[in-house]
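Asks: The opening position of the sequence shown corresponds to residue 29 in this note's numbering, with each subsequent residue numbered one higher.
Heads up, the beta-carbon is just placed ideally off N, CA and C, and yes, glycines get one too.
Since we're looking at a predicted model, the values are computed, not measured.
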Amino acid sequence: MNAPTIEQAVQLQLDMAHLVERTAPDGFAPRIAAGLDVAYAPGSDRLVAAAVCVDMTTLATVDSAVHEAVADFPYVPGLFGFRELPSLLPALDKLGTKPDVLVCDGQGLAHPRRFGLACHIGVVTGLPSIGVGKQALGRYEMPGLQRGDWEPLVDNGEIVGRALRTQDGVKPVFVSVGHLIDLDTACDLVLSLSARYRLPETTRAADHLGREVLAGRVSVQDVRD
29 MNAPTIEQAV QLQLDMAHLV ERTAPDGFAP RIAAGLDVAY APGSDRLVAA AVCVDMTTLA
89 TVDSAVHEAV ADFPYVPGLF GFRELPSLLP ALDKLGTKPD VLVCDGQGLA HPRRFGLACH
149 IGVVTGLPSI GVGKQALGRY EMPGLQRGDW EPLVDNGEIV GRALRTQDGV KPVFVSVGHL
209 IDLDTACDLV LSLSARYRLP ETTRAADHLG REVLAGRVSV QDVRD
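Okay, structure coming up:
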């Protein structure tokens with residue numbers, strides 16, 4: 029299937045945004061979280077998409093998978109779902125463990141059309157998903173300096189996420205709903221996954237794996253084994 033044009037991609041986001049569900053399923057108590065990240069070769073569209081499953085209690089990696097590809101959609105801010113989803117979905121399919129929640133290195137509702145990568149992959153897979161961005165879309169006050177402090181992230185008068193302090197005195201991350209989750213629960217899960225560092229262990233593990241495979245220090249076969 030050919031990649032959509034930029035105009036088609038924008039319209040698809042507008043058409044699909046109403047599918048996002050902003051509440052968690054009854055009895056939602058995730059045990060396995062999957063971190064998703066894409067590493068790119070410098071100056072190239074060659075990429076490695078990584079999915080790493082982490083035990084929510086121990087933060088230990090319990091499963092991982094990668095998918096190598098060449099992106100067929102251009103780098104356009106706000107349209108990363110169309111660039112990265114075609115590789116992230118095969119990586120997820122290769123996992124032997126089904127995650128209870130997806131944690132994306134990117135935005136969910138904190139997006140100009142309220143349909144960032146975390147929303148897109150959540151709607152397509154039907155899994156609860158969270159966006160954890162390093163940069164903010166919108167305006168916010170700086171949260172207090174203590175771990176767990178937060179302030180609302182606001183875009184055009186709408187609360188689209190939170191600036192969340194995951195470690196004392198460290199820059200906040202920007203958490204937003206992806207799909208099938210509420211903002212309070214999303215922030216609680218991100219804090220649980222960020223016991224030691226600013227970024228969730230899911231993001232750190234997926235980022236590391238993708239870079240290692242891209243650099244040739246870990247082979248795809250090693251990940252499968």
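Taking just the CA atoms, how far does GLU35 sit from GLY9?
Replies: No answer is possible for residue 9: the residues shown for the chain start at 29 and end at 253.
Asks: Check whether the Cβ atoms of LEU113 and HIS148 lie closer than 8 Å to each other.
Replies: Taking 8 Å as the Cβ cut-off, LEU113 and HIS148 qualify as a contacting pair.
Asks: VAL104: buried (16+ other C-beta within 10 angstroms of its C-beta) or exposed?
Replies: Its Cβ having fewer than 16 others within 10 Å, VAL104 is exposed.
Asks: Using the three-state DSSP reduction, which class does ASP253 fall into: helix, strand or coil?
Replies: Residue confidence for ASP253 is low, a pLDDT of 49 falling below 50, so the modelled location carries little weight; the figure read from the coordinates is stated next. Coil, per DSSP.
Asks: Hey, quick one: how far does the beta strand (DSSP E) through GLU186 stretch, first residue to last?
Replies: That run of the beta strand (DSSP E) goes 186 to 192.
Asks: Just the C-alpha distance for GLN135 and ASP183, rounded to the nearest angstrom, thanks.
Replies: Approximately 13 Å, taken between the alpha carbons.
Asks: Which stretch, first to last residue, makes up the beta strand (DSSP E) that contains PRO200?
Replies: It is not in any beta strand (DSSP E) - PRO200 carries neither H nor E in the DSSP assignment.
Asks: Identify the continuous alpha helix (DSSP H) that holds ASP216 and give its terminal residues.
Replies: 211 to 221 is the span of the alpha helix (DSSP H), which, as asked, contains ASP216.
Asks: With distance defined between alpha-carbon atoms, name the residue in PHE56, VAL246, PRO200 nearest to PRO228.
Replies: The shortest C-alpha separation from PRO228 is found at PRO200.
Asks: Kindly indicate the opening and closing residues of the alpha helix (DSSP H) around GLY150.
Replies: First-last of the alpha helix (DSSP H) with GLY150: 145 to 153.
Asks: Can you give me the Cβ contacts of ALA37 inside the same chain, cut-off strictly under 7 Å, excluding the 5 residues immediately before and after it?
Replies: Cβ neighbours of ALA37 beyond the five flanking positions: LEU107, PHE110.
Asks: Ignore the nearest five residues each way along the sequence and tell me which others in ASP100's own chain have a CB closer than 6 Å to its CB.
Replies: Once the five neighbours on either side are set aside, the close Cβ partners of ASP100 are ALA31.
Asks: Which residues bound the beta strand (DSSP E) around PRO180?
Replies: Note, PRO180: beta strand (DSSP E), 178 to 183.
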